[in-house]
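Visitor: The structure under discussion is supplied below as C-alpha cells; questions concerning it will follow.
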Amino acid sequence: MSTTATAVGVSPKRGIWGGGNEPLKASYGKLMMWFFLLSDIFTFAAFLISYAAIRVSYPGYAGPEETFVGSNEYWPIPELVFDAIPFFHGVHIPLAFVGLMTFILIMSSVTMVLAVEAGHRNDRKDVVKWLLWTLLGGITFLSCQAWEWSHFIHGTESGSVLTFVNNMGKIVTETVTGANLSINEYGPAAFAQLFFFITGFHGFHVTIGVVLLFLAFYQAAVGVYENRGHYEMVEKIGLYWHFVDLVWVFVFTFFYLI
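This is the structure:
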C-alpha cells in the first residue's frame, strides 16, 4: 500500500468508483442529469417504436400526390398534411414550416454551447447573452408548435369525406374537418393520436427547458453563479437542452419523413 493511500485511509483497490471522489470527473449533479436523460431516452424510444409499429400496420397511399385525399384505409402523406405556412394562406410548401421549427431548435443548441463555453471562462456577460438567445429560440419554437397544433386541429377548408363509426355506434359517411383524438380528416385516428401525444410530450419537455433557461438566465444576470465561482448549473441545463433538441431530430424523422 502506498504512503499516500495509507495517509488518507483509502484502499488503492477502490478505483474511481470506490467513493469519496467524482467518477469520471463528473459531479453528482451531472451524473444525476445523465441518469434522468437515460431514463427519458427509453421513454421516447418506446413512443417512437410504437409509432413505427402502428405506421407499418397501415398501407401507404399508392396514387399520385396531386390526387391524395384523407382516408381511414391508408396512412396520410406527411408532406401533404404539414404544408401550410403562417400568414401565407393558400401557399403550400411541404414541410417548410416544420423545417423552420427544426432549424430554430438546432440553432438554440448552438447558442447553448456558447453559453456553456462562456461559463467555463467565467464570463458572466457572455453567459447572459447566449442564454437569452437560447431562451428566445425555445419560446419561438413553442410558439411555432402552438400554431402548427392549431392548424392541425382546425384542418383545411374542404376537409375529407370519411366513413367511420359515430358515437351512436352507427357507420356513417360525412365530411370531416380538422382533427381530434377520435377522428381526423387526414387519415386513421391513430395518426392524430400519435401526433398529439408524441409532439405534445416533446413540447412539454421544451416548456420545462424554457423555464429552466429563464431561471438560469436570471441567476446568471444577477451574479448568483459568479458568486459561486462556477457555472455548472448552466452546463447541466445545457445537457437537458441538447437532449431535447436531439429527440426532436428523431421525432421529425419518424413523424414527418416516414
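Under UniProt numbering, the residue at position 134 of the sequence shown is numbered 134, and the numbers go up by one with no gaps. Just so it is clear, CB atoms sit at the ideal spot from N, CA and C, and this is done for glycine as well.
Looking at the unbroken alpha helix (DSSP H) that takes in residue 249, where does it start and where does it end?
Guide: 232-251
Visitor: Along the alpha helix (DSSP H) that carries residue 174, what are the first and last residues, could you check?
Guide: Element bounds for residue 174: not the alpha helix (DSSP H) but the beta strand (DSSP E), 171-176.
Visitor: Considering residue 77, what are the terminal residues of the alpha helix (DSSP H) in which it resides?
Guide: Premise fails: residue 77 is in no alpha helix (DSSP H) and is neither H nor E.
Visitor: Let me know if residue 150 comes out buried or exposed under the rule of 16 or more other beta-carbons within 10 Å of its beta-carbon.
Guide: Per the 10 Å Cβ criterion, exposed.
Visitor: From residue 125 to residue 112, what does the alpha carbon distance come to, in whole angstroms?
Guide: 14 Å
Visitor: Alpha carbon to alpha carbon, how far is residue 213 from residue 37?
Guide: 17 Å
Visitor: For residue 53, count the other beta carbons within 10 Å of its own beta carbon; 16 or more makes it buried, fewer makes it exposed. Which is it?
Guide: exposed
Visitor: Exposed or buried, residue 86, counting other C-beta atoms within 10 Å across all chains shown (16 or more means buried)?
Guide: Classification of residue 86: exposed, given that the 10 Å Cβ count is below 16.
Visitor: Can you check DSSP and say which residues form a bridge with residue 160?
Guide: 176
Visitor: Would you report the Cα separation of residue 50 and residue 56, rounded to the nearest angstrom?
Guide: 10 Å
Visitor: In the DSSP assignment, what are the bridge partners of residue 90?
Guide: Beta-bridge pairing links residue 90 to no other residue.
Visitor: Nearest-angstrom Cα distance between residue 219 and residue 225?
Guide: In this model, residue 219 and residue 225 are separated by some 7 Å (Cα to Cα).
Visitor: Determine, using beta carbons only, whether residue 132 comes closer than 7 Å to chain C.
Guide: Looking at the structure shown, chain C is missing, and only one protein chain is on hand.
Visitor: Would you mind reading off the limits of the alpha helix (DSSP H) that contains residue 122?
Guide: Run containing residue 122: none; DSSP gives neither H nor E here.
Visitor: DSSP three-state call for residue 5: helix, strand or coil?
Guide: In this predicted model, residue 5 has a pLDDT of only 45, less than 50, meaning its place in the structure is not dependable enough to derive any value.
Visitor: Please list the terminal residues of the continuous alpha helix (DSSP H) segment that includes residue 42.
Guide: It spans 28-56 - the alpha helix (DSSP H) in which residue 42 sits, taken as one unbroken run.
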